[in-house]
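Top to bottom, those sequences are chains A and B. So in full-length UniProt numbering, spot 72 of the first sequence is number 72, and the numbers just go up one at a time. So in full-length UniProt numbering, spot 5 of the second sequence is number 5, and the numbers just go up one at a time. For glycine and all other residues, C-beta sits at the position ideal for the given N, C-alpha and C.
Protein chains: 2
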Amino acid sequence: METNKKRSDCPLSNSLDIFGDKWSLLIIRDLMFFKKCTYKDFLSSAEGIATNILASRLKGLEENGIIEKSAHPDSKAKILYRLAPKGIDLLPIIMEIYIWSDKYFTMPADIKETIKEAKKDKEKFVRQVTKELTIKMMEKKTATDN
Amino acid sequence: METNKKRSDCPLSNSLDIFGDKWSLLIIRDLMFFKKCTYKDFLSSAEGIATNILASRLKGLEENGIIEKSAHPDSKAKILYRLAPKGIDLLPIIMEIYIWSDKYFTMPADIKETIKEAKKDKEKFVRQVTKELTIKMMEKKTATDN
DNA sequence: TATTTGCACTTGCAATTTGCAAGCAAATTT
DNA sequence: AAATTTGCTTGCAAATTGCAAGTGCAAATA
């Protein structure tokens, strides 16, 4: 149960109340970069989130307008999760975390390459990825319209 | 006790292992923007961090090279905390969180004004604040040299 | 000199949150 | 019709958090 009590008027604090934990941004990462969009997809990520924690985080993120649920076109048993615009707008934050990581950690070569791309022109990178995510969002929205 | 086991090779996950909680970035915010630099300063922030959690977070941030301790020039009983370069480099992340907040939250007018400044020229903002923090860091380092 | 105050924690303990295993209903596949 | 998949929920032990009350040391005050 996510309570709604604000710790302070500080927007940083308010933001951390939404995604300031060890799991939320990883779910958002999976939606952004790895085309994961079902419960099972998130469960299968390398970090190994527990199923009850995943359910709790998905609920919180939805309540806060970061993600949205919709029917999966392939099956009624499946639920399709996608980023809402408010979630897509988290991209610059996640990008900067990756860039910071790049300075202080070692990491897989493919990720390093993507970060290099992003660093070359941050705004362009954000624009491109945002566009892709927005298109995907629209497709799924219309395809499973209710 | 902060353990060192990595959940995965993902740099985002590794980063969240360091500052992915409700408190760490608030301490860093206090060091960056509000000239807070003692234990008591952090305790007095609006969010009301508990004293054992503060001690635990300071320890973790120090172990991870985000902050550094030094002797306070005014009193031997006091400890002065400051951002290490690795901590100063978190500025772009925190700035982007503020910018995201600005789009989706209401907030105090003075903070809104600072964000407006930052948005006008992000790189300039980062350069300026980084410079100030680096100068402050050097001053305190030499003043209390050991 | 003795006492009080301030500072940076530590300790104890109850309450909350997390992690793991198992279970479950509805939908789908075989 | 039976087995499997999917998205959860439930139970419970373990870890983390939040709060109050110390603790040890140094500086200030009496």
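Does the beta carbon of F105 of chain A come closer than 9 Å to any beta carbon on chain B?
-> Yes, F105 of chain A counts as interfacial toward chain B.
What's the C-alpha gap between K86 of chain B and K120 of chain B?
-> Distance from the CA atom of K86 of chain B to the CA atom of K120 of chain B, rounded to whole angstroms, is 25 Å.
Pull up the distance between the alpha-carbon of residue 222 of chain A and that of D21 of chain B, whole angstroms please.
-> In the structure as shown, chain A starts at 1 and stops at 146, and residue 222 of chain A therefore has no counterpart that could be examined.
Could you tell me if I67 of chain B is buried or exposed, where buried requires 16 or more neighbouring beta carbons within 10 angstroms of its beta carbon?
-> With 16 or more other Cβ atoms within 10 Å, it is buried.
Keeping to the same chain, check which residues put their C-beta closer than 6 Å to that of residue 148 of chain B; ignore five residues upstream and five downstream.
-> Absent from the structure is residue 148 of chain B, since the part of chain B shown begins at 1 and ends at 146.
Which residues bound the beta strand (DSSP E) around R82 of chain B?
-> Element bounds for R82 of chain B: 79-83.
May I have the straight-line CA-CA distance separating M1 of chain A from S24 of chain A, to the nearest angstrom?
-> Summary for M1 of chain A: the model assigns pLDDT 40, below 50, so the residue's position carries little reliability, and this model does not support an answer.
Neighbour flag for R127 of chain B against chain A, beta carbons, 9 Å = Chain A, which has no Cβ nearer than 9 Å to the Cβ of R127 of chain B, makes this no.
What residue from B:L83, B:S56, B:R57 has the CA that sits closest to K69 of chain B's CA?
-> Nearest of B:L83, B:S56, B:R57 to K69 of chain B, Cα basis: B:L83.
Taking DSSP as the reference, what is the three-state secondary structure of E47 of chain B?
-> In the structure shown, E47 of chain B sits in coil (DSSP, three-state: anything other than H, G, I, E or B).
For K6 of chain A, which of helix, strand or coil comes out of DSSP?
-> K6 of chain A: coil per DSSP, three-state reduction.
Return helix, strand or coil for S75 of chain A, following the three-state DSSP convention.
-> Taken through DSSP and simplified to helix, strand or coil, S75 of chain A comes out as coil.
Return yes when the Cβ of I79 of chain A is within less than 9 Å of the Cβ of P11 of chain B, no when it is not.
-> Against a cut-off of 9 Å, the Cβ pair of I79 of chain A and P11 of chain B comes out as no contact.
Alpha-carbon spacing of S56 of chain B relative to K76 of chain A, whole angstroms = The alpha-carbon atoms of S56 of chain B and K76 of chain A are separated by roughly 46 Å.
Please decide whether I99 of chain B counts as near chain A, where near means a Cβ-Cβ distance under 9 Å.
-> Cβ-Cβ to chain A under 9 Å: yes for I99 of chain B.
May I have the straight-line CA-CA distance separating G60 of chain A from A71 of chain A, to the nearest angstrom?
-> Each residue's CA atom was taken as its position, placing G60 of chain A and A71 of chain A some 19 Å apart.
Three-state secondary structure (DSSP) of K35 of chain A = If DSSP states are grouped into helix, strand and coil, K35 of chain A belongs with coil.
Between which two residues does the alpha helix (DSSP H) containing P92 of chain A stretch?
-> 91-104 is the span of the alpha helix (DSSP H), which, as asked, contains P92 of chain A.
For the region 89-108 of chain A and the region 28-36 of chain A, state whether three or more C-beta atom pairs, one from each stretch, are separated by less than 8 Å.
-> As far as the Cβ criterion goes, the region 89-108 of chain A touches the region 28-36 of chain A, which means the pair count is three or higher.
DSSP-derived helix/strand/coil call for K131 of chain B | Helix, per DSSP.
Under 9 Å, do I88 of chain B and D102 of chain B count as touching if we go by C-beta distance?
-> Taking the C-beta atoms as reference points, D102 of chain B is found no nearer than 9 Å to I88 of chain B.
Range covered by the alpha helix (DSSP H) that runs through I18 of chain A = Residues 11-19.
Chain A contact residues for E96 of chain B, given Cβ-Cβ distances below 7 Å | Identification of chain A residues near E96 of chain B by a Cβ-Cβ cut-off of 7 Å yields P92, I93, E96, ordered along the chain.
Using a C-beta to C-beta distance shorter than 9 Å, which residues of chain B count as neighbours of D21 of chain A?
-> Correct list: L16, G20, D21, K22.
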